[in-house]
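Asker:
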Amino acid sequence: MKHSNCLIEKTMGLLIPAACLLILIASPALFSQGMPRSNGFGFRVSFWKMAESEVLLRVSQQGLQQTVNMDGFGIWFQYYNRIHDNLSLAFDFGMVSRIHLKSDAPLDNDVDVNGILAFLPGIRYDLLSRRLTSKFQPYLDAGIGPYFQQSVNVRNIGTEENVSTESKYDLGLFLGGGVNLAVSNRFAFNFDMKYHFVNFAVNKGISGIEFGIGVSFMWGKLRDLFRVRQTTMVVHDIYPAYYQFYNTYPLAIVSVENTAGFPIEVNVRSKVSPYSVQAKESGFITINKGETKDIPATTVFSSNISQVDTRKPAVLDIEVEGRAGITYKETITAQIMVHSRNSWNGEVDKLSYFVTPDNDEIIRLSREVTRRENDSTSAEPENLRNARNIFNELVSRNIRYQSDPNIPFYKDDRVQFADETLNLGSGDCDDLVVLYSSLLESLAINTAFVEVQDPEKSLAHLYLLFDSGIPAEQAQQVSSNEKRYLLRHGSAGVNTAWIPVETTLIGRSFEDAWNEGALNYLQEAGIRNGLAEGWVRIFDVE
Amino acid sequence: MFKIRLFYLLTFLAVLPLVQNGRAMEAEIVRISGEVTVRRGVEESWQPLSLGILIKDVDTILTGEKGEVVLELEDGQTFTLGPNSILDIADLRRITERQLFLYLVKEKMSRVEKHNQKTELRLGKVSVVHGENRDTAAVDSSYLPAESWTPVINGALALYRQEYYRNAIIKLNKILDGGLPEERQCEVYSYLGRSFEAINKPGQAIDAYQIVVNDCGEEHTAWIESARESIDRLEQKP
């Protein structure tokens, strides 16, 4: 028995410093406070140092005398619900034990078990603004409610056992505070400290300070930092041929309003599955209190989009992330149409994307022609000679004008890449312009598209200009008739003679195509003032 | 730059409904003396011109050293082209003040764009590297002889003298943009100033005269003196 008593005493001797250490580490009670989500459920273990309790634990070994006081250990549960900004309603329910064991003799035991049940509705107020990025979030809380005490006393004297029970009800309140350690916006550790005023007594009965440590799980809506006022789609249709254009062009504009009441940082990331390399971020942009900013949503497409051969819908995913201490995200989705690789929306400045001077087949053909037709004795300017030979090669290959196919319910134009037109042997005006431009550009001859949207005609038209490379002062080398060329800024930084070619006349000779192009340009751009009035436009292939 | 473009666009939109669209025009040859030839459209060759032939706006007339031709236009007016002159029939089309304005704005814009291109870093397609072919024979950088411009300038002056001032302004501007040698520029700028003055555009007239005063050499004293007098006269006007 002596040995047994010694063991108990040693065990208790370890428990006391362990408990003290625990209290030291987690002096505030752990609870789900100050958290970003609207609802939370917390669990904690606590120690309640009551006024009338003597010591935490005492074991005396004098003869057979033992005394154990285990007051104030308990568990608490809490549910909270945010009602406004930093203010939440909280409901605490706790069960705290008071156990007194006294043994004066082997058969004389006095066991007093006293349980405290408390239901304490209250409020909690987060002290710090959400703008702080710290994971530590201090708060104050208070509550009022009933404290139930249920006592059971078992007294053994010899073989006689007396059992008595007693119930008691007190009203009380608590004041406290603590700090959260947020691991994520769904989980946190919490350190909490409360002072219970049971029966509204300050230092009497079971009134006293309580320390706790615990965990909290949260769910529900995150605190609003911002509001997405509007999402304006800028691009509804993606044309794979110029997918790189969209890498810097916004697909949508997201209007974000700061509702936090202090400056926040917002990042917009977006992607089009499965065509985006990865979500592209706008970078964190500061939005001041009450301010609304338009943030462009862009994406980086991977080259696999250029393999799309039929029109198909895709989803643009936009995620708006705001941060100011906490992180708040909102997602927006929109449908976007990905067209086939040959689709073109009719904007001539985009037609350059179809020009492929680096295509193997194009390079092979243009070089073969220039090698075969090389005439070093010719006085004709080199670019003009090469352009003529390339055109004649296309004529000899029997390339023909052919209108686009009628695609039901599809209004966009279809443009063939240069190698496709070569292989198919035909194309419409834009296909032929793209083919001829690709071949000339592969020989480093600069080209430009002439778009004619004649107000007196229902259909727009397209033909090609190429740079003869001959400076304006020597343009007579190109032609004695200055109406057969136009002078414009060339790549060399000087005005050079550019030659218009009506590529739809591919079934005839280069001379015919040149004459027709020159005549069209003369009448439409010059005499009819189309260039000044804006219905004749020139787009350099760049 | 953007503002300039916007201004241009807005101006264009504002005047667009008012601009009289040029229609294809024709002229009839009513009198010919000496050598007069015509070049049809974009053809290279010149053909002799004869009475009664209808010529179109895409055509060009060239008179020899002793040639002269009188054209009757659609509105019944006649136009005389003197010796050693070249004229595009389209240069006789009726040009409204707004069309002239559009043309001048466009010219100014293109000059601004050219100026900017010199300083702008432009990254085109990097898949093609444009290099210099060292085997290519050096291009002859000589200008056309000044006398080659005489028929063109005479054609423009014919427009001025027969009070086609707006047409003359456009033609003279084209000549200046076409690489006219410096020794002929004083004369052309002087007539450009006179044409502007004739249509009551003193500001633009002074600009043209100022170029003559500032840029022309001593050999053009007569033009410079005339330009100075014109500037003084215009500046004294209320």
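The listed protein sequences correspond, in order, to chains A and B.
Each step along the first sequence adds one to the number in this note's numbering, with nothing skipped, and position 327 is 327.
To get this note's numbering, take the position in the second sequence, counting from 1, and add 1000.
Where is the CB? At the ideal position from N, CA and C, for every residue including glycine.
All values derive from a computational prediction rather than experimental measurement.
#1: Count the CB pairs spanning the region 426-433 of chain A and the region 360-374 of chain A that are closer than 8 Å, and state whether there are at least three.
#2: Taking the Cβ atom as the reference point for each residue, do residue 1057 of chain B and residue 1038 of chain B lie within a distance shorter than 7 Å?
#3: Listed from N- to C-terminal order along the chain, which residues in the region 1203-1222 of chain B have their beta-carbon within a distance smaller than 9 Å of any beta-carbon of chain A?
#4: Note down, in chain order, all residues in the region 1176-1206 of chain B with a beta-carbon under 8 Å from any beta-carbon belonging to chain A.
#5: As an exercise, report each continuous beta strand (DSSP E) stretch of at least 3 residues that is fully enclosed by the region 132-197 of chain A, in chain order.
#6: Pull out every residue of the region 522-536 of chain A whose Cβ sits closer than 9 Å to any Cβ of chain B, in chain order.
#7: What do you reckon, are the CB atoms on residue 496 of chain A and residue 534 of chain A nearer than 7 Å?
#8: Can you name, in chain order, every residue of its own chain whose Cβ lies under 6 Å from the Cβ of residue 221 of chain A, other than the five neighbours on each side?
#9: Relative to the C-alpha of residue 521 of chain A, which residue among A/509, A/462 and A/540 is closest?
#10: In the DSSP output, which residue or residues are listed as bridge partners for residue 244 of chain A?
#11: What does the alpha-carbon distance come out to for the pair residue 489 of chain A and residue 448 of chain A?
#12: Excluding sequence positions up to five away, which residues of its chain have a Cβ less than 6 Å from the Cβ of residue 551 of chain A?
#13: So residue 1067 of chain B packs on residue 1034 of chain B, CB below 8 Å; how close in whole Å?
#14: Can you give the Cα-Cα distance for residue 1216 of chain B and residue 1231 of chain B, rounded to whole angstroms?
#15: Write down the C-beta distance between residue 190 of chain A and residue 42 of chain A rounded to the nearest angstrom, noting that I regard them as a contact closer than 8 Å.
#16: Please state if the CB of residue 254 of chain A and the CB of residue 285 of chain A are separated by a distance shorter than 7 Å.
#17: Quick one: list the residues of chain D neighbouring residue 1054 of chain B, beta-carbon separation under 9 Å, in chain order.
#18: Is the Cβ of residue 388 of chain A closer than 7 Å to any Cβ of chain B?
#19: With a threshold of 16 other CB atoms inside 10 Å of the CB of residue 506 of chain A, please say whether the residue is buried or exposed.
#20: For residue 1102 of chain B, go through chain A and note every residue whose CB falls closer than 8 Å to its CB, in chain order.
#21: Flag this pair as yes or no: are the beta carbons of residue 268 of chain A and residue 250 of chain A separated by less than 7 Å?
#22: Hey, could you find the ends of the beta strand (DSSP E) residue 328 of chain A is sitting in?
#23: Quick check on residue 1172 of chain B: does DSSP put it in helix, strand or coil?
#24: Would you mind sorting residue 504 of chain A into buried or exposed? The rule is 16 or more other CB atoms within 10 Å of its CB.
#25: Skipping 5 residues on each side, what residues in its chain have a beta carbon closer than 6 Å to that of residue 551 of chain A?
#26: Would you say residue 1036 of chain B lies against chain A (beta-carbon separation less than 7 Å)?
#27: Relative to the C-alpha of residue 1044 of chain B, which residue among A/539, A/308 and A/484 is closest?
#28: Are the CB atoms of residue 359 of chain A and residue 419 of chain A within a distance shorter than 7 Å?
#29: With 7 Å set as the bound, which would you pick, yes or no: does the beta-carbon of residue 1124 of chain B sit closer than that to a beta-carbon of chain A?
#30: Using the three-state DSSP reduction, which class does residue 1043 of chain B fall into: helix, strand or coil?
#31: In the DSSP assignment, find the alpha helix (DSSP H) that holds residue 1221 of chain B and state where it starts and stops.
#32: Between the C-alpha atoms of residue 1224 of chain B and residue 1027 of chain B, what's the straight-line distance to the nearest angstrom?
#33: For residue 1091 of chain B, count neighbouring C-beta atoms within 10 Å of its own C-beta (all shown protein chains included) and say buried if the count is 16 or more, exposed if not.
Answerer: Let me spell this out:
#1: No, the region 426-433 of chain A is not in contact with the region 360-374 of chain A.
#2: Their beta carbons are not under 7 Å apart, which means residue 1057 of chain B does not touch residue 1038 of chain B by this criterion.
#3: Within the region 1203-1222 of chain B, no residue has a Cβ that lies closer than 9 Å to any Cβ of chain A.
#4: Those would be 1177, 1178 and 1179, in chain order.
#5: Listed in chain order, they are 136-157 and 160-182.
#6: Listed by position along the chain: 522, 523, 526, 527, 528, 529, 531, 532, 533 and 534.
#7: Not a contact, by the Cβ cut-off of 7 Å.
#8: Result list for residue 221 of chain A: 38, in chain order.
#9: For the residues A/509, A/462 and A/540, the minimum Cα distance to residue 521 of chain A belongs to A/462.
#10: Residue pairing for residue 244 of chain A: DSSP places it in no beta bridge.
#11: Separation of residue 489 of chain A and residue 448 of chain A (C-alpha to C-alpha, rounded to the nearest whole angstrom) is 11 Å.
#12: Because chain A here runs from 1 to 542, residue 551 of chain A falls outside it and cannot be looked at.
#13: The C-beta distance from residue 1067 of chain B to residue 1034 of chain B rounds to 3 Å, short enough to meet the 8 Å contact threshold.
#14: So the alpha carbons of these two residues sit roughly 15 Å apart.
#15: Contact between residue 190 of chain A and residue 42 of chain A holds, with the beta-carbon distance rounding to 7 Å and staying under 8 Å.
#16: Taking 7 Å as the Cβ cut-off, residue 285 of chain A and residue 254 of chain A do not qualify as a contacting pair.
#17: Checking the listed chains, one finds no chain D in this structure; the protein chains it contains are A and B.
#18: So no, residue 388 of chain A is outside the interface.
#19: In summary, residue 506 of chain A is buried, with 16 or more beta-carbon neighbours lying within 10 Å of its beta-carbon over all protein chains present.
#20: Neighbours of residue 1102 of chain B in chain A, taken as residues whose beta carbon is under 8 Å from its own, are 529, 532 and 533 in chain order.
#21: No.
#22: Where residue 328 of chain A is concerned, the enclosing beta strand (DSSP E) stretches over 326-338.
#23: DSSP places residue 1172 of chain B in helix when its eight states are reduced to three.
#24: Residue 504 of chain A should be labelled buried.
#25: Any property of residue 551 of chain A remains undetermined from this structure, which presents chain A solely from 1 to 542.
#26: No, because no Cβ of chain A sits closer than 7 Å to the Cβ of residue 1036 of chain B.
#27: Taking the Cα of residue 1044 of chain B as reference, the smallest distance to any Cα among A/539, A/308 and A/484 is reached at A/484.
#28: Closer than 7 Å, so yes.
#29: Low local confidence applies: a pLDDT of 36 at residue 1124 of chain B is under 50, so the model's placement there is unreliable, with the coordinate-based value given in what follows. Residue 1124 of chain B counts as touching chain A.
#30: Coil.
#31: Per DSSP, the continuous alpha helix (DSSP H) segment holding residue 1221 of chain B begins and ends at 1221-1236.
#32: Per the coordinates, the alpha-carbon of residue 1224 of chain B lies some 38 Å from the alpha-carbon of residue 1027 of chain B.
#33: By the 10 Å Cβ count, residue 1091 of chain B comes out buried.
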